[in-house]
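Protein chains in written order, with numbering that gives the first Met the number 0: chain A, 0 to 261; chain B, 0 to 306; chain C, 0 to 316. Since the structure comes first, as structure tokens, the remarks are kept for the end.
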Amino acid sequence: MNSPAPQTNTDICLAARGLQKSFGGLTATDNLSLEAARGEIHAVIGPNGAGKTTLVHLLSGMLRPDGGEILFEGRDITRLSAPARVNQGLARSFQITSIFRDFTVLENVMLSVQAGQGHSFRFWRPAARDESLRAPARELLERVGLGDRIDVTAGNLAHGEQRQLEIAISLATNPTFLLLDEPMAGMGPEESQGMIEFLKALKGDYTMLLIEHDMDAVFALADRITVLVYGKAIATGTPDEIRNDASVRAAYLGDETGEETG
Amino acid sequence: MDYVLLTEQFLNGFQLGIILFLMAAGLTLVFGIMDLVNLAHGSMFMIGAFVGGTIAVVTGSFVIGVILMIPAMLIIGIVVEMTTLRTLYPRDHLDHVLATFGLILFFNEATRLIWGPEGLVVPLPDFLEGSVALGAITYPVYRIVIIVVGLLVALGLYILVSRTRIGMLIRAGASNRTMAGALGVNIPMLFSVVFGIGAVLAGLAGLIITPITAAQIGMGEDVLILAFVVIVIGGIGSIRGAFIASIVTGVIDTMGRSFLDVFLLLFLPENAAESAGPALSSMMIYILMAAILFFRPQGLFPPKGAG
Amino acid sequence: MVDWKSPANILTIIVVGLCAVVPFLAPALGEPFYVIVFARIMIWAIAAVSLNLIMGYGGMISFGHAVYLGIGGYAIGILAFHGVTSVWIQWPVAIGACAVISLIFGAISLRTRGVYFIMITLALAQMLFFLSVSAERYGSDDGLNILARSDFGVRFFSLEDNMTMYYTIFAVLLASVFISWKLVHSRFGVVMRAAKSNDTRVQAVGVSTYRYRLMAFVIAGVMCGIAGLLQANFERFVSPDMMNWPRSGELIFMVVLGGMSTLFGPVTGAFVFLMLSEILSSWTIHWHIIFGPFLVLVVLFARGGIHGLLTPGSDRE
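Listed below in structure tokens is the structure:
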């Protein structure tokens, strides 16, 4: 059962059509199609081994698909490199925190702001004092809740703070689309709640594709959900539709409290 | 077309390839399994030549020199591994390069201290002198011996790695060191053994070349760089890749030096071909490496699951 | 901002200060030979500063960096051999040759990482080394003598005057440190340092790191080539040994010894390395037997180099 996506093309921010990816004998992505409508939070869930990580790599550009295409704002980005996709407005965050541990929090985001501005072949003026980098970085860090930690060396942050920094780095390039790979990974209940609130506040400004295991977060945030099993999308729909879908239940959901299997 | 010269040079190239293979096999094993970049592998080549050569001169028998060199290199290799290299495993590759570079300086100087700067001449036993007829050409017996020995070693390595328990342990350690350790494999001892094997192979290569080139200080370094080129082309960690790449490298390098100026004469005036020939031929193998790496940065036969 | 009283900075001031006054101090102390020693130290320091750019700040371990000393040097040597001694032709040719070759070598090498990168840079450098050995016209193994230093064509400034030569090298050294400083703190430098720390993340924010690395590689190659052309002028001699692989290894050592990814580390490193070589070699011709293990110990126990040891609380590399 699939809930229809909005009709006109300009309402679709990101579309994957018939994605195919195999590693030797293993098919990780099997004729996968999904669409993220503008401004929505679209969650992708599935048991371990469902191919979520592969999907993230395919969409972000770290892997090329064997078949199928990816359209961003109507443009075919299937052949674009990962950095080129980011320049189009597609940003991602990493499941395993990927920050610059030796830089301060502020420097981390300043780098990302700099990347977003696209002027990095500059050899003379010191970047550290550049207000056109500092100001947007500071502002973003305030929004994310790290405003009072900007001079801390990133490697010294607590885990939850590092996850927040992770998101901030992704936001700093001024994307239109966010690919969030398990933003809640490793977070305790309080921190997760904070992240959920934060992501809710972003809704509307960005289109988000959210890969998550944390079912509370998924059902709290998602406008629509796609369920992945063995590389195939077995269902797409609103949270209620997915909750009540028999094939999804059988494959994945287990029981009502949202405990996942595997 | 001078087929005699062609065949001779081909065989010479094959023989060079065998020497390279003996070096490359040890290097690729150590790098593939222990993730250690060992520049001092060239020193093992040199030490094998000097130690084995000295034994041969003292006992009067080259064959005894070869036989006794094996346990000698095994011991020397294991001692070096246990004292210095073991501390390097957890470090990054830059540290390996730096530390083993320091070892090279030490070994070269120690050799100079013990044997003097002149090097060591190792004479061939009588029964290995002379040439033999191979079809239309006559070819030195000793070079044929080198080729045969090398092929036997290659075969032995293949059997060791794929058919014996030790080989299985080596492959397990290469594929997942932590897991192998957790399953009870004595990783430190395994590494020592592997390094020892590498040292023996290098020492053998050094020793068997001495009747042709004499043992000299610093002889290992040029071979080492070629050996690294070989394992990069062949795929780090792959013995099969090392073998194929070694032979190809040896043949191309040797035949290139002999025939490149002839080849160039096809489209260059005589002056240019004569001066460009030697210059280009010494660069050929590096151009080959650059070309291969440009299209296949992981080498021709990267071992599965590695890197 | 800058703590001028920190031990590391004091050491820097001493080293630089010595370089500045040695041409007057050494003869006064009856040791004029040390002027030559310091000139050589400074030339190596320039090369080390250039290597530090890509190695210390960029994480690219080039085992073939000395090749640019050779390219810069031989450009001067070959042109002088053919009678071209004008600096206005020689130096641009040397710099241009380094730029082109480093672009080609970098484009090939930077497609690889880690050990592969180390080996390819080594092999490519060896290629040019063998080329120069086989160049009989230009002296091959024995090297090439250079009769006249680069001619500026003006009477008041001539490299034939040894003081002028010395202070030209000194000025270039200061300039190269200054350029290094500017680069590292610029937007370009931020990308380089970030790419060293986490290359994937830099790409994930939209920066194609290959281009930046290549640019850095070319800048470093040119800077090292300038050290090479200064060496050719100073020594009036070039030979293939300027760019053999032990030279590249020594360069790497100087950078690590001084302190990787510090601004003056490479200068201090070159100074200590060469002074130590001078002193040890005057004790015994077998000084490598001490030097080798010394290098190993530095790697094992003083990985942050001298500046690392002198900077309290630094968890340098």
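Think of the CB as a built atom: it goes at the ideal place given N, C-alpha and C, for glycine as much as any other residue.
(Q) Distance check for A/L201 and A/Q192, CA to CA, integer angstroms please. (A) The residue you call residue 192 of chain A lines up with position 193 of the first sequence. The residue you call residue 201 of chain A lines up with position 202 of the first sequence. Each residue's alpha carbon lies about 14 Å from the other.
Q) What does C/W244 reach in chain B if we use C-beta pairs closer than 8 Å? A) Counting from one through the third sequence, the residue named residue 244 of chain C turns up at place 245. Those are E220 and I224, listed as they occur along chain B.
(Q) Would B/G16 and B/V228 qualify as a contact pair, given that the criterion is a beta-carbon distance under 9 Å? (A) By 1-based counting over the second sequence, the position of residue 16 of chain B is 17. By 1-based counting over the second sequence, the position of residue 228 of chain B is 229. Not in contact: B/G16 and B/V228 (Cβ atoms no closer than 9 Å).
**Q.** Proximal residues, the region 287-298 of chain C versus chain B, C-beta separation under 9 Å
**A.** H287, I288, I289, F290, G291, P292, F293, L294, V295, L296, V297 and V298
Q.
Residues of the region 122-143 of chain C in Cβ contact with chain B at a cutoff of 7 Å, in chain order, please.
A. A122, L123, Q125, M126, F129, L130, S133 and A134
Q) How about B/D94: is its C-beta nearer than 9 Å to some C-beta of chain C? A) Taking the first residue of the second sequence as position 1, residue 94 of chain B is located at position 95. By this cut-off, B/D94 is an interface position.
Q | Three-way DSSP call (helix, strand, coil) for C/R212 in this model | A | Looking up residue 212 of chain C in the third sequence gives position 213. In this structure, C/R212 counts as helix in the three-state DSSP scheme.
Q: Report buried or exposed for B/L265, applying the criterion of at least 16 other Cβ atoms within 10 angstroms of its Cβ.
A: By 1-based counting over the second sequence, the position of residue 265 of chain B is 266. Result: exposed.
(Q) Tell me whether the region 79-92 of chain A and the region 165-184 of chain A touch, counting them as touching only if at least three CB pairs, one residue from each stretch, are closer than 8 Å. (A) yes
(Q) For chain B, check one thing: does any of its Cβ atoms lie closer than 9 Å to the Cβ of C/H184? (A) As a first step, residue 184 of chain C must be located in the third sequence, where it is residue number 185. Chain B, which has no Cβ nearer than 9 Å to the Cβ of C/H184, makes this no.
Q) Is the CB of C/R39 under 9 Å away from at least one CB in chain B? A) As a first step, residue 39 of chain C must be located in the third sequence, where it is residue number 40. Judged by the 9 Å Cβ criterion, C/R39 is not in contact with chain B.
Q: Identify whether A/L25 lies in helix, strand or coil by the three-state DSSP scheme.
A: Working through the first sequence from its first residue, we reach residue 25 of chain A at position 26. Looking at A/L25 - three-state DSSP - the assignment turns out to be strand.
Q) Name the chain C residues that come within less than 7 Å of A/T172, Cβ to Cβ? A) By one-based count along the first sequence, residue 172 of chain A stands at place 173. In chain order: V204 and G205.
Q. Beta-carbon separation of C/R110 and B/L292 under 9 Å?
A. As a first step, residue 110 of chain C must be located in the third sequence, where it is residue number 111. As a first step, residue 292 of chain B must be located in the second sequence, where it is residue number 293. In contact: C/R110 and B/L292 (Cβ atoms closer than 9 Å).
Q: Check the Cβ of A/H118 against every Cβ in chain C and list those closer than 9 Å, keeping chain order.
A: Position 119 of the first sequence, counting from 1, holds the residue named residue 118 of chain A. Result: R186.
Q. Is the beta carbon of A/I241 sitting closer than 9 Å to the one on A/A219?
A. Along the first sequence, read from residue 1 onward, the residue named residue 241 of chain A stands at position 242. Along the first sequence, read from residue 1 onward, the residue named residue 219 of chain A stands at position 220. No, the Cβ-Cβ distance between A/I241 and A/A219 is not below 9 Å.
Q: Show which residues of chain A have a CB atom less than 8 Å away from the CB atom of C/A193.
A: The count along the third sequence starts at 1 and reaches residue 193 of chain C at position 194. Near C/A193 (Cβ distances below 8 Å), the residues of chain A are F99, F102 and L110.
Q. So which residues of chain A does C/N197 contact, with C-beta pairs closer than 9 Å?
A. Position 198 of the third sequence holds residue 197 of chain C. Here the neighbours are S97, I98, F99 and R100.
Q: Identify the contact partners of C/V217 in chain A, using a Cβ-Cβ distance below 8 Å as the criterion.
A: If you number the third sequence from 1, residue 217 of chain C lands on position 218. Going along chain A, no residue has its Cβ under 8 Å from C/V217, so there is no contact; the nearest lies around 12 Å.
Q. DSSP beta-bridge partners for A/G66?
A. Walking along the first sequence from the start, residue 66 of chain A turns up at place 67. Per DSSP, A/Q19.
**Q.** Beta-bridge pairing of A/T225 - partner residues as DSSP gives them
**A.** By one-based count along the first sequence, residue 225 of chain A stands at place 226. DSSP output for A/T225 lists A/V43 and A/T235 as bridge partner(s).
Q. Beta-carbon separation of A/F102 and A/Q87 under 9 Å?
A. Translated into positions along the first sequence, residue 102 of chain A becomes position 103. Translated into positions along the first sequence, residue 87 of chain A becomes position 88. Their beta carbons are not under 9 Å apart, which means A/F102 does not touch A/Q87 by this criterion.
Q: Please go through the same chain and pick out, in chain order, the residues whose beta-carbon is closer than 7 Å to the beta-carbon of B/R295, but skip the five residues on each side of it.
A: Along the second sequence, one-based indexing puts residue 295 of chain B at 296. Within the same chain, B/R295 has no close Cβ partners at all.
Q: May I ask you to list, following chain order, the residues of the region 100-124 of chain C that have a beta carbon less than 7 Å from some beta carbon of chain B?
A: I107, R110, T111, G113, V114, Y115, I117, M118, I119, L121, A122 and L123
Q | Alpha carbon of A/D239 to alpha carbon of A/H41, nearest angstrom | A | Within the first sequence, residue 239 of chain A is the residue found at index 240, counting from 1. Within the first sequence, residue 41 of chain A is the residue found at index 42, counting from 1. Using only the alpha carbons, I get a separation of about 14 Å.
**Q.** Minimum length 4: unbroken alpha helix (DSSP H) runs contained in the region 197-223 of chain A
**A.** 214-220
Q: Would you mind working out which of C/W282, C/V254, C/S281 and C/I289 sits nearest C/G306, comparing C-alpha positions?
A: On the third sequence, position 307 is the one that residue 306 of chain C refers to. Here residue 306 of chain C is His; the residue named in the question, Gly, does not match the sequence. Considering only alpha carbons, the answer is C/V254.
Q) In whole angstroms, what separates the C-alpha of A/T206 from that of A/T26? A) Locating residue 206 of chain A in the first sequence gives position 207, counting from the first residue. Locating residue 26 of chain A in the first sequence gives position 27, counting from the first residue. So the two alpha carbons sit approximately 28 Å from each other.
Q. Does the beta-carbon distance from C/P6 to B/F105 come in below 9 Å?
A. Here residue 6 of chain C is taken as the residue at index 7 of the third sequence, counted from 1. Here residue 105 of chain B is taken as the residue at index 106 of the second sequence, counted from 1. No, the Cβ-Cβ distance between C/P6 and B/F105 is not below 9 Å.
Q: Just tell me which of A/M214, A/G48, A/A15 and A/R37 has its CA closest to the CA of A/T175.
A: Position 176 of the first sequence, counting from 1, holds the residue named residue 175 of chain A. Checking every option, the nearest Cα to that of A/T175 belongs to A/R37.
Q | Nonlocal neighbours in the same chain, by C-beta distance under 7 Å from C/L294, ignoring five residues either side | A | Working through the third sequence from its first residue, we reach residue 294 of chain C at position 295. Answer for C/L294: F252, listed in chain order.
Q) Does the beta carbon of C/R200 sit closer than 9 Å to a beta carbon anywhere in chain A? A) Stepping through the third sequence from its first residue, residue 200 of chain C is reached at position 201. By this cut-off, C/R200 is an interface position.
Q) Is it buried or exposed for A/T7, if we count other Cβ within 10 angstroms and need 16 for buried? A) Mapped onto the first sequence, residue 7 of chain A falls at position 8. Legend: pLDDT at A/T7 = 48, less than 50; position of this residue unreliable, no value from coordinates given.
Q. At what residue ranges does the region 31-94 of chain C contain a whole run of the alpha helix (DSSP H), taking only runs of 4 or more?
A. 32-54 and 66-80
Q | Element boundaries [beta strand (DSSP E), containing B/V131] | A | In the second sequence, counting from the first residue as 1, residue 131 of chain B sits at position 132. Here the beta strand (DSSP E) through B/V131 covers S130 to L133.
Q: Keeping to the same chain, check which residues put their C-beta closer than 7 Å to that of B/P89; ignore five residues upstream and five downstream.
A: Indexing the second sequence from 1 puts residue 89 of chain B at position 90. Counting only Cβ-Cβ distances below 7 Å, and skipping sequence neighbours, we find nothing.
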